[in-house]
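**Student:** Top line first, the protein sequences correspond to chains A and B. This note's numbering numbers the first residue of the first sequence as 1436 and each following residue consecutively. This note's numbering numbers the first residue of the second sequence as 92 and each following residue consecutively. Where is the CB? At the ideal position from N, CA and C, for every residue including glycine. Just so you know, these numbers come straight off a predicted model, no measurement behind them.
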Amino acid sequence: MLGRILSSGLIAGAVAGLFAAVLHLLFIQPVLLHAELYESGELVHFGAASVPAVRPEFGLDPVRDGLSVIFSMLTYAGYALILVALMALAEGRDAVISARNGMLWGVAGFIAVLLAPAFSLAPEVPGVAAAEILPRQVWWFATALAAGAAMWLLAFGRSWLAWGAVIVLLLAPHVVGAPEPDSFSGPAPTELGALFTARVLGVGLCAWVLLGLLSGLLWSSDDEAAS
Amino acid sequence: MTTRTLAEARPASASLGILLAALLGLGIVVLTGHVQADALHAAAHDVRHANGFPCH
Chain A
1436 MLGRILSSGL
1446 IAGAVAGLFA
1456 AVLHLLFIQP
1466 VLLHAELYES
1476 GELVHFGAAS
1486 VPAVRPEFGL
1496 DPVRDGLSVI
1506 FSMLTYAGYA
1516 LILVALMALA
1526 EGRDAVISAR
1536 NGMLWGVAGF
1546 IAVLLAPAFS
1556 LAPEVPGVAA
1566 AEILPRQVWW
1576 FATALAAGAA
1586 MWLLAFGRSW
1596 LAWGAVIVLL
1606 LAPHVVGAPE
1616 PDSFSGPAPT
1626 ELGALFTARV
1636 LGVGLCAWVL
1646 LGLLSGLLWS
1656 SDDEAAS
Chain B
92 MTTRTLAEAR
102 PASASLGILL
112 AALLGLGIVV
122 LTGHVQADAL
132 HAAAHDVRHA
142 NGFPCH
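Given below as structure tokens:
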């Protein structure tokens, strides 16, 4: 079982992570680098002179961007192992896994680790104010876990109790609230912060749908081969 | 049919495999996304921001 999950998960994760990295370098990295010019003080928002909004041209940085590709593939491989493990668990409980419904699994994963945490802790561009790192990480994991459990209950719950739990699990982290900074002292313009968050969510959805599709495809075809 | 056979006869080793795979996946995500060691943080910096992880 472990070997089958590893082989499906690592391939699906590597491909989806590579896809995410390409979209990252095309759409996220330029916004990130632009914001870093404000973070470093090279550009000043609301300084003496207004700063043109036009984005400087950024070239590829082989080392930095190469590391991003590697870490993106690793991160999605980690997600894929969890996703395929959950698919195996669901199949053991008579769910049917396919490439087609794998895309729904991908959307559920996107909601769990990106959309739900982002609802109160928006993906941060460099150069924005934020609370201490540890409380934010704790909140992030608690929220992703709660939203992931909610997605499972939404898909496989068979009672009003389960569906009620879905609402509680999705709402609770945001009613409690994410850790917030003491003051809004970040030097990056809000326009860049908003664009960054939107791009992170858009790229994440694309990558997660592909991850779910590939996981479902590889897991179900591996199943047929095994039978 | 295969699914049902597997479900009925799923040995403890299958559950263990599922658990181990999920824990390994979680370990990778914690390492790439959340551990604050300087070298790891610097190398994974852009990907952490791009995945909505709290970064620094």
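By DSSP, does residue 127 of chain B sit in helix, in strand, or in coil?
**Tutor:** Here the question's residue 127 of chain B lines up with position 36 in the second sequence. Residue 127 of chain B falls in the coil class under three-state DSSP.
**Student:** Between residue 1541 of chain A and the rest of its own chain, which residues show a CB-CB distance below 6 Å, the 5 nearest in sequence each way excluded?
**Tutor:** Position 106 of the first sequence, counted from the start, is the residue given in the question as residue 1541 of chain A. Only 1643, 1644, 1646 and 1647 meet the Cβ criterion.
**Student:** List the endpoints of the continuous alpha helix (DSSP H) containing residue 1508 of chain A.
**Tutor:** In the first sequence, residue 1508 of chain A corresponds to position 73, counting from 1. First-last of the alpha helix (DSSP H) with residue 1508 of chain A: 1497 to 1527.
**Student:** Under 7 Å between C-beta atoms, does residue 98 of chain B make it to chain A?
**Tutor:** Here residue 98 of chain B is taken as the residue at index 7 of the second sequence, counted from 1. The predicted position of residue 98 of chain B is uncertain, since its pLDDT is 49 and thus under 50; no value can be drawn from it.
**Student:** Assuming contact is defined by CB atoms lying nearer than 7 Å, are residue 1566 of chain A and residue 1615 of chain A in contact in what I supplied?
**Tutor:** In the first sequence, the residue the question calls residue 1566 of chain A occupies position 131. In the first sequence, the residue the question calls residue 1615 of chain A occupies position 180. Yes, the pair counts as a contact, with Cβ atoms nearer than the cut-off.
**Student:** For residue 1502 of chain A and residue 1640 of chain A, what's the separation of their Cα atoms in angstroms?
**Tutor:** Within the first sequence, the letter at position 67 stands for residue 1502 of chain A. Within the first sequence, the letter at position 205 stands for residue 1640 of chain A. Distance between the alpha carbons of residue 1502 of chain A and residue 1640 of chain A: 22 Å.
**Student:** Pull up the CB-CB distance for residue 1562 of chain A and residue 1471 of chain A, whole angstroms please, since I reckon it's below 8 Å.
**Tutor:** In the first sequence, counting from the first residue as 1, residue 1562 of chain A sits at position 127. In the first sequence, counting from the first residue as 1, residue 1471 of chain A sits at position 36. Indeed, because the Cβ distance is near 7 Å, the residues count as touching under 8 Å.
**Student:** Could you check if residue 139 of chain B is buried or exposed, using at least 16 other CB atoms within 10 Å of its CB as the buried criterion?
**Tutor:** Start at 1 with the first residue of the second sequence, and residue 139 of chain B comes out as number 48. Buried: at least 16 other Cβ atoms inside 10 Å.
**Student:** Are residue 1507 of chain A and residue 1456 of chain A closer than 7 Å when you measure CB to CB?
**Tutor:** Within the first sequence, the letter at position 72 stands for residue 1507 of chain A. Within the first sequence, the letter at position 21 stands for residue 1456 of chain A. Contact flag set, yes.
**Student:** Taking the alpha-carbon positions, what's the residue 1454 of chain A to residue 1490 of chain A distance?
**Tutor:** Indexing the first sequence from 1 puts residue 1454 of chain A at position 19. Indexing the first sequence from 1 puts residue 1490 of chain A at position 55. So the alpha carbons of these two residues sit roughly 24 Å apart.
**Student:** Check whether the region 105 to 122 of chain B and the region 1514 to 1526 of chain A touch, using three or more Cβ-Cβ pairs below 8 Å as the test.
**Tutor:** Taking 8 Å as the limit for Cβ pairs, the verdict is that the region 1514 to 1526 of chain A does touch the region 105 to 122 of chain B.
**Student:** Out of A/1523, A/1573 and A/1476, state which residue places its alpha-carbon closest to the alpha-carbon of residue 1440 of chain A.
**Tutor:** Against the first sequence, residue 1440 of chain A aligns to sequence position 5. The shortest C-alpha separation from residue 1440 of chain A is found at A/1523.
**Student:** Taking a Cβ distance cut-off of 7 Å, strictly less, list which residues of the region 98 to 130 of chain B are near chain A, in chain order.
**Tutor:** Listed by position, the residues of the region 98 to 130 of chain B near chain A (Cβ gap below 7 Å) are 98, 101, 104, 105, 108, 109, 111, 112, 113, 115, 116, 117, 119, 120, 123, 124, 125 and 127.
**Student:** Cutting at 6 Å between CB atoms, please list the residues of its own chain near residue 1444 of chain A, excluding the five before and the five after it.
**Tutor:** Position 9 of the first sequence, counted from the start, is the residue given in the question as residue 1444 of chain A. Within the same chain, residue 1444 of chain A has close Cβ partners 1515, 1516 and 1519.
**Student:** Since residue 1538 of chain A is in the alpha helix (DSSP H), which residue starts that stretch and which ends it?
**Tutor:** As a working note, residue 1538 of chain A is residue 103 in the first sequence. Where residue 1538 of chain A is concerned, the enclosing alpha helix (DSSP H) stretches over 1534 to 1545.
**Student:** Write down the C-beta distance between residue 1581 of chain A and residue 1604 of chain A rounded to the nearest angstrom, noting that I regard them as a contact closer than 8 Å.
**Tutor:** Indexing the first sequence from 1 puts residue 1581 of chain A at position 146. Indexing the first sequence from 1 puts residue 1604 of chain A at position 169. Yes, they are in contact, since the Cβ atoms of residue 1581 of chain A and residue 1604 of chain A sit about 4 Å apart, within 8 Å.
**Student:** Leaving out five residues on either side along the sequence, give the residues of the same chain with a beta carbon under 8 Å from the beta carbon of residue 146 of chain B.
**Tutor:** As a first step, residue 146 of chain B must be located in the second sequence, where it is residue number 55. For residue 146 of chain B, where only same-chain residues beyond five positions count, the Cβ hits under 8 Å are 132, 136, 139 and 140.
**Student:** If distances are taken between C-alpha atoms only, which option among A/1531, A/1473, A/1513 and A/1495 comes closest to residue 1485 of chain A?
**Tutor:** In the first sequence, counting from the first residue as 1, residue 1485 of chain A sits at position 50. The shortest Cα separation from residue 1485 of chain A among A/1531, A/1473, A/1513 and A/1495 belongs to A/1473.
**Student:** Would you mind telling me which residues of chain B sit closer than 9 Å to residue 1635 of chain A, beta carbon to beta carbon, in chain order?
**Tutor:** Position 200 of the first sequence, counted from the first residue, corresponds to residue 1635 of chain A. Near residue 1635 of chain A (Cβ distances below 9 Å), the residues of chain B are 140, 141, 142 and 143.
**Student:** Identify the continuous alpha helix (DSSP H) that holds residue 1603 of chain A and give its terminal residues.
**Tutor:** What you label residue 1603 of chain A is simply residue 168 of the first sequence in a count that begins at 1. Segment 1595 to 1611, the alpha helix (DSSP H) holding residue 1603 of chain A.
**Student:** Using the Cα positions of residue 1587 of chain A and residue 1659 of chain A, report the straight-line distance between them to the nearest angstrom.
**Tutor:** Translated into the one-based positions of the first sequence, residue 1587 of chain A becomes position 152. Translated into the one-based positions of the first sequence, residue 1659 of chain A becomes position 224. Distance between the alpha carbons of residue 1587 of chain A and residue 1659 of chain A: 25 Å.
**Student:** Suppose you measure from the CA of residue 1480 of chain A to the CA of residue 1624 of chain A; what does that come to, to the nearest Å?
**Tutor:** Locating residue 1480 of chain A in the first sequence gives position 45, where the first residue counts as 1. Locating residue 1624 of chain A in the first sequence gives position 189, where the first residue counts as 1. Cα-Cα distance, rounded: 6 Å.
**Student:** Relative to chain B, which residues along the region 1568 to 1595 of chain A have a C-beta separation below 7 Å, given in chain order?
**Tutor:** Of all residues in the region 1568 to 1595 of chain A, 1568, 1571, 1572 and 1575 have a Cβ within less than 7 Å of some Cβ in chain B.
**Student:** Does any CB atom of chain B fall closer than 7 Å to the CB of residue 1508 of chain A?
**Tutor:** Numbered from its first residue, the first sequence carries residue 1508 of chain A at position 73. Chain B contact via Cβ: absent.
**Student:** Along chain B, in chain order, which residues have C-beta atoms closer than 8 Å to that of residue 1444 of chain A?
**Tutor:** Translated into positions along the first sequence, residue 1444 of chain A becomes position 9. Under the 8 Å cutoff, chain B gives 112 and 116.
**Student:** Keeping to the same chain, check which residues put their C-beta closer than 7 Å to that of residue 1627 of chain A; ignore five residues upstream and five downstream.
**Tutor:** Numbered from its first residue, the first sequence carries residue 1627 of chain A at position 192. Closer than 7 Å at Cβ, skipping near neighbours: 1466, 1469, 1470 and 1560.
**Student:** Cβ atoms of residue 123 of chain B and residue 1578 of chain A: under 7 Å apart, would you say?
**Tutor:** As a position in the first sequence, residue 1578 of chain A is number 143, starting the count at 1. As a position in the second sequence, residue 123 of chain B is number 32, starting the count at 1. No, the Cβ-Cβ distance between residue 1578 of chain A and residue 123 of chain B is not below 7 Å.
**Student:** When the cut-off is 7 Å and only beta carbons count, does residue 1463 of chain A lie next to chain B?
**Tutor:** In the first sequence, counting from the first residue as 1, residue 1463 of chain A sits at position 28. Taking Cβ atoms only, chain B reaches closer than 7 Å to residue 1463 of chain A, which makes this a yes.
**Student:** Can you grab the Cα-Cα spacing for the pair residue 1557 of chain A / residue 1462 of chain A, in whole Å?
**Tutor:** Here residue 1557 of chain A refers to the residue found at position 122 of the first sequence. Here residue 1462 of chain A refers to the residue found at position 27 of the first sequence. Each residue's Cα considered, the two are about 17 Å apart.
**Student:** If residue 143 of chain B and residue 1635 of chain A are in contact, beta carbons under 8 Å, what's the gap, nearest whole angstrom?
**Tutor:** Counting from one through the second sequence, the residue named residue 143 of chain B turns up at place 52. Counting from one through the first sequence, the residue named residue 1635 of chain A turns up at place 200. Residue 143 of chain B to residue 1635 of chain A, Cβ: 6 Å. Contact.
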